Every structure is written in structure tokens, then in C-alpha cells.
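In the numbering used here, the protein residues as written are 6 to 729. Don't be surprised by glycine CBs; every beta carbon is placed ideally from N, CA and C. Just so we're clear, the structure is a prediction, and the values are computed from it rather than from any experiment. These notes are about the structure you will find just below.
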Amino acid sequence: MPSRLDGPLKVSGRAEYGADHNFPGMAYGYVVLSTIANGEIEAMDVTAAKSAPGVIGVYTPFDPLELRTPSLPMFGETWVPLQNRDVAYYGQPIGFVVAETFEQARDAAMLVDVTYRERPALTSLEDGLASAEEAPPGFDGSPQTHTLLASGVESIEDALADSPVVVEATYSTATQNHAAMEPHSAVAVWDSGVLTIYSGNQGSDLQAMEVAGALALDPSAVHAVNPFVGGAFGGKGRTSTPAFLAAAAAKALDRPIKAALSREQVFTATAGRAATVQKIALGADADGRLIAVRHDSWCSTAMDRSFVEPTSHGTSREWYATPNLALSQKMVPLNIPPTTFMRAPGEAPGSFALESAIDELAVALNMDPIELRMRNNSTAPPGRDLQWSSKHLDECFSVGAARFGWASRSPHGRIDGDWLVGVGTATAMFPALRFPASVEVTLQADDTAVVATSGADPGTGLLTVLSLVGAESLDITPDRITPRLGDSALPPGGMSGGSTATASAGTAIMIAASKVIDDLLVVATSPGSPFQGMETSYADGHVLAGGRTMTFGEVLRAVGRPSISAIGSSAPGEEMTKHSFSSFGAQFCEVRVHKWTREARVSRMLGVFDAGRIINDKAARSQIMGGMIWGVSAALHEGLEIEPNGRMANADFAGYLLPVNADIPEVDVHFVQHPDTLHNAVGARGVGEIGTVGMAAAVANAIYNATGVRVRHIPIVIEDLLDD
């Protein structure tokens, strides 16, 4: 199986990320952050900063850069710094210092003296629940309150009251940060009225549009370049503060500007995952068949109310068959940094609650947790006639149970020396989506081909996918494909997010390849061409006719053409009205809890997934492993602690805990491959996010199996497992 094409460049240090670009005369910018969570800036004394060594510019809301608020379809307005004096959270960007060196800019930024008119701040989700607001409609326009009742049932409470077995509990999940290895950064260069911006982002064409809007430019005057992105996970879906400020400052100073957030600044000057509180009630008959599901959710959101973490709608709305279903989603505006998409938004925290509750129901029924899940397996989302295009979740569980040794599971765990050992499982689902995407395929006279799109590869392996799908579509070997991406000058590939890139770009590649082959055959049979007037066909990179064959390169050379190109575009269409689409999986986990210290250690992990056709097994396996590790991280490590004044208490890699090699055992991943051509022509569904879904619940369920202690919040810490 092919390795990642970008692998050698990355491990050798030859891959150039945004901040790796340097230009003659370049200056450096440093962002100034607020030190209150709510209020107004009364004054900013920049006298000392301006007179500091090397300083060439200081910008504030009182002396701002020329920027305005851009807007993108579906995503709405993008927040741009220094537009007013309002402060809505601690660590909000409020100033920008530019100097000859990074150190000079950083040191001068410390000299900016800010005077505030401070107001009381609300920073705790728990404290804000009483003032929760109804969430706005979802991105698909669906209301945030959803009720499905069987005939004759008047309310979800009646359905629960009539259920022989009921479990009800409240679960909570912590605020998280994407913690990508590459901090948000940008290098901006102006030349003859055209801005080139080098900045890691999940969609170069979308970044170019946002920057153009902020600078009141025609989109053709902005060139966004990001061939390498050091991790994103949703945190680089929108243009970053350094990119806006560097672009505007470079124009104002007529010099290239580099700006990068420090690691601590990333935790506040970017957006993260919301904290959630979720109340779930499950009603079932004595055989374990669900009668009623109620899932009420609350999430934190910034004061601009720009994002809602859709936990109930991302899980309970679709996962299990039930005749009665009631969902609600509310938001709690807080004086905290913005919230946004983060790997499996909604599904990751939502699955912790739902899959923990399902485990609790299995205990109440004295039923095997897998049997309970399969007994309520859905053929379509509850209340909808659109059946799943392809679903093999039962196979995931049967294969996983055999590989994991589930049959030997004890309902009360086992003891191994000083360790209490338990196992847990959980369902994983993530919607199979597609975004509009365009790809250009170019056949070249040297018998190679270029497959190009503006889309990004934030570590997902898209570059290699372009090569593999391009080679398959052109019927040539992958080593003859040159893939290109991460450049807004290329055909718009949209955003690399939502686990959509392979299905979206792959389908566009197939369309472009078909077009360019048709065009090649027209050229091959035109007057003066080698196959003039003949009936031709194409196979193995060759044009065939009358017992004669020529490579496409030979044909192009014969007619004096260096290349021939075609663009293919793909977008979700009529198929979305005929089926429901999702990827599926079964998560398995073994946890060992020390009898005396109560430390919890994950000792075995297995994920079995139904994600359609797997294009590159090595890359897909890596994506799933990364997602499963994220799930362990959420369960046992990860959580931002926000002090009452809004300051992040652990906004660095010393205090914000992430798993290291010693925390993660060997991860076993298996795919049950059933190509889903009803979803897209490639037959592939997303794998980037589903690996995270369900894993935190599997860990918590394993801890319960080992200890008998049910922890309903994450991260789970030693104190949660200590005996009273």
C-alpha cells in the first residue's frame, strides 16, 4: 500500500509550512491580548511600545488597520480583530505590534498599557444553565427541538412512564482546544497590488475569499497558499487573527509581515470545543427494545453566539430505532473564547453521553451491551423514510467482538494482581457528507498527469488520495501522477473538513478524468493526428485504434501539444433525497485501574469501521488511530480549566494534558469494506472523524466494568475513582 507522498518531506524537515516562508525586508508582528473577560477598553497607552527598539508599527482599536468584517455563505460573518473596543473574553486579540524581529515585537507588546472599564463576567457553564437560550436552527435549517411520538402517545414523559425499564442521568464534557502542532500563523506579501498569504488553513480558496472581503479586494487580488498544514481538526477552518493582521499590516507598511501566535495564545485567540451538559432518559421493554429516548443538551458558546455544539441532534436523532424521541439543544452564552467545529463536532461529546447511557441501560437489563445495541439497530433515522445507503454496523460488532475476545467479558471485570481490569464498547457513527469540489486533470506530453485542486491536506492524506484516485481514473500507475493542492489559484476544492475530502475531491477527479480522456480522443482523431478519422478507445494510458496503440503523451507530442486539461466538478445532488448516509463503527476498549492509586490506564483498543471503500488502507488506519487516541484523550486527559475571571488556568502543553506514547497501547483497526456508490462514485465515506466518536464512552464503560464506579463526566481523573 502506498505511503503518504508528503511523508518524506515532513520527516526530513523540507515541507514548508506557512511560517517557514521568509522574504527580504520582512518584519514581524505580535498580537496583544486582553486581560479581562468582559468590558470595554478605555485607553491604550502605546508610547513605550512605539519607542521600543525595532518597532515600526503599533495598531489598536484607537489606531486600527484597514479591515472590515467579511462573510461567507453558510458560515456567516468572520470576526476580525481591532474593529471596536468591546472585550468579550480573556485573551481576546486587542492589539498588534510590528517590529524588525519577533523578539522585539514580543517585548514591545508587553509594554502596551491598557485601561479597561470592566464588567462582571460569566465564565462557568454550570452557573449559566439557568440563563440558557434556545439554540438557533442548525446548518441544515432544522429546529433545535425535535419530537417524534408514536400514534396515541401524547408526550415523551408518557412514553417513559410506560416503559418497564428506565435509566436517566446527566453527563458533562469539558471545554477543549484543537492543540494542533502548528500554531496559527501567516506570512503576507504584497506585490503590484496582489496579496500572497502563506497560512495553514483548511481551504485556501475560502481563506482567499475571507481575506479579500476583509481588505475590500477583488478575490482575484488575493493568492492564498497552504500546501502543508500542521494539524487543523476544525480549528483552521476560518481565517486566523494573524492572517488578517499580517495582511493589513503588510499593506500599511509596504513590507512582508510574519505573525504567529505563541502556544499560550493559541488557547484563547482561536476557537475551541464547547463544554456540554446532557440529560438523557432511555425507556425500554424487558427485552431491551427502546420505547423512548429523551436527550436534552446545553453547550457553552461565546457571547457572539456564533456556534452551537449539536450533541443531541448529532447522535440520538439518528443512532437507534425508537418510536418515541424528544431532543432539545440550548446554548449558554459565556465570556469565553469562541467555540467552533472540532473533530466530530456534536458526535464526539454527544456519543459520550448517549453511549454511556446505553451501557447503563444494559446494566439495568442485565443484558450484554452489544446485544442491546444490535437489538435497537436502525435501518433509517427514526421517523424518516430515507434508509441508510449502506450499513454494516452489525458486522462491525461481530467482527470486533471476535477480534477483541468479548465473549470472555465478565459483567464485573476481573482482577490482575494490583489492577482492576474492565472492558467497554460503544457505537460510532458520523454523517457521510460531501462538499462541492472542482479538480483539474492535466495530461502531459511526457506521459505524466497533474491532478490539482485548491483543497487542503491538514494531515488527512488528501495529497496521496489525489494521486491514487487520479491514477485509477486515468488507468495509469500512481507514480505518473503529480498531485497539487493548497493553492487558491487552483480549481476550488472547498474545505477539508467534515470527513468529506476523499468523497468530494475523488468524485470530481473521476469526472475530470473522463472529460480529459474524451478530449484526448477528439484530438487523436482530428485532421493531421495519428488516428485521423478512426474509431478510438482508451485503456492503460494508451489510445487504441486499428491494432495500433500510442500513449497519451505520444499522441500529444505527435500533434504538437504540451498538455490537455479538463476540470471536473462535483456536489451533493439528487442522491441526498433518496437515502440517509453515514459511516459506522464499533469501539472496544480495555482499561486497567490500579487497586490502590486508582490511576486508569488504557491497555487495549480496537475499532472496527464500515466507511465504504478504503482508498489507502495505511492512511485510513492512521486517521482512525489518531481519532481513537483523541477519544482516550477526551476521556482521561483533556479539559481546559477556566477561572472565574475568564483566564485559562492551563493554557499550555504543561497544564493542558494530552496523551503521550506511554498512555496509548497498540491500537487495532479493522475495516469491513462495502463500497457505497450510492453516496459517491468512488464508493468511499469519511474516516477522519468517526475514530473519535464513541471512544470516550468505551473508556468510561470499561472503567465501570472494572470498578463499579460510573463516572458521568470527562475527563475522568483519579479523584473520581477513589473510594468514599
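Residues near residue i in its chain [Cβ-Cβ closer than 6 Å; skip 5 each side]
i: residue 154; result: 329
i: residue 381; result: 295, 325 and 326
i: residue 194; result: 28, 201 and 261
i: residue 80; result: none
i: residue 586; result: 394, 437 and 684
DSSP bridge partner residues for residue i (one or two, in chain order)
i: residue 50; result: 118
i: residue 408; result: DSSP output for residue 408 lists no bridge partner at all.
i: residue 138; result: 336
i: residue 181; result: 278
i: residue 344; result: 277
i: residue 263; result: 33 and 192
i: residue 38; result: 98
i: residue 543; result: 548
i: residue 284; result: 175 and 301
Residue i CB to nearest heavy atom of the ligand COA below 7 Å
i: residue 705; result: The model depicted lacks the ligand COA and carries no ligand whatsoever.
Between the CA atoms of residue j and residue i - distance to the nearest angstrom
i: residue 682; j: residue 689; result: 8 Å
i: residue 553; j: residue 687; result: 31 Å
i: residue 445; j: residue 470; result: 14 Å
i: residue 564; j: residue 498; result: 32 Å
i: residue 481; j: residue 572; result: 19 Å
i: residue 342; j: residue 626; result: 33 Å
i: residue 483; j: residue 475; result: 8 Å
i: residue 188; j: residue 224; result: 26 Å
i: residue 43; j: residue 456; result: 49 Å
i: residue 299; j: residue 335; result: 14 Å
i: residue 167; j: residue 617; result: 39 Å
i: residue 23; j: residue 678; result: 37 Å
i: residue 630; j: residue 672; result: 6 Å
i: residue 718; j: residue 149; result: 23 Å
i: residue 346; j: residue 130; result: 18 Å
i: residue 110; j: residue 232; result: 28 Å
i: residue 208; j: residue 570; result: 23 Å
i: residue 86; j: residue 72; result: 8 Å
i: residue 510; j: residue 60; result: 45 Å
i: residue 219; j: residue 97; result: 19 Å
i: residue 25; j: residue 251; result: 15 Å
i: residue 372; j: residue 503; result: 35 Å
i: residue 204; j: residue 408; result: 43 Å
i: residue 643; j: residue 720; result: 6 Å
i: residue 463; j: residue 237; result: 6 Å
CB contact check: residue i to chain D, cutoff 8 Å
i: residue 490; result: Protein chain content of the structure displayed is limited to a single chain, and chain D is not contained in it.
DSSP state of residue i mapped onto helix, strand, coil
i: residue 534; result: coil
i: residue 384; result: coil
i: residue 246; result: helix
i: residue 452; result: coil
i: residue 373; result: coil
i: residue 331; result: strand
i: residue 144; result: coil
i: residue 270; result: helix
i: residue 319; result: coil
i: residue 582; result: helix
i: residue 501; result: coil
i: residue 150; result: strand
i: residue 84; result: coil
i: residue 573; result: strand
i: residue 560; result: helix
i: residue 113; result: helix
i: residue 629; result: helix
i: residue 600; result: coil
i: residue 654; result: coil
Close Cβ partners of residue i (< 8 Å) along its chain, the five nearest in sequence each way excluded
i: residue 350; result: 239, 278, 314, 315 and 319
i: residue 670; result: 607, 608, 609 and 610
i: residue 602; result: 723
i: residue 421; result: 597
i: residue 84; result: 74, 309, 311 and 343
i: residue 49; result: 65, 66, 67, 99, 100, 117, 118, 119 and 120
Own chain partners of residue i with C-beta closer than 7 Å, once the 5 adjacent residues on each side are dropped
i: residue 297; result: 161, 164, 165, 168, 288, 327 and 329
i: residue 384; result: 392 and 393
i: residue 104; result: 32, 33, 59, 60, 61, 110 and 113
Continuous beta strand (DSSP E) assignments of at least 3 residues falling wholly in the segment 657-722:
Listed in chain order, they are 672-676.
Suppose only complete runs of 3+ residues qualify. What are the beta strand (DSSP E) ranges in the segment 194-231, listed by chain order?
199-203 and 227-230, all fully within the segment 194-231.
Pick out the complete alpha helix (DSSP H) segments inside the segment 410-498, 4 residues or longer, and give them in chain order.
As far as the segment 410-498 is concerned, its whole alpha helix (DSSP H) runs of at least 4 residues are 467-479.
Counting only runs of 4+ residues fully inside the segment 506-531, write out the alpha helix (DSSP H) ranges in chain order.
Entirely contained in the segment 506-531, the alpha helix (DSSP H) runs reaching 4 residues are, in chain order, 506-530.
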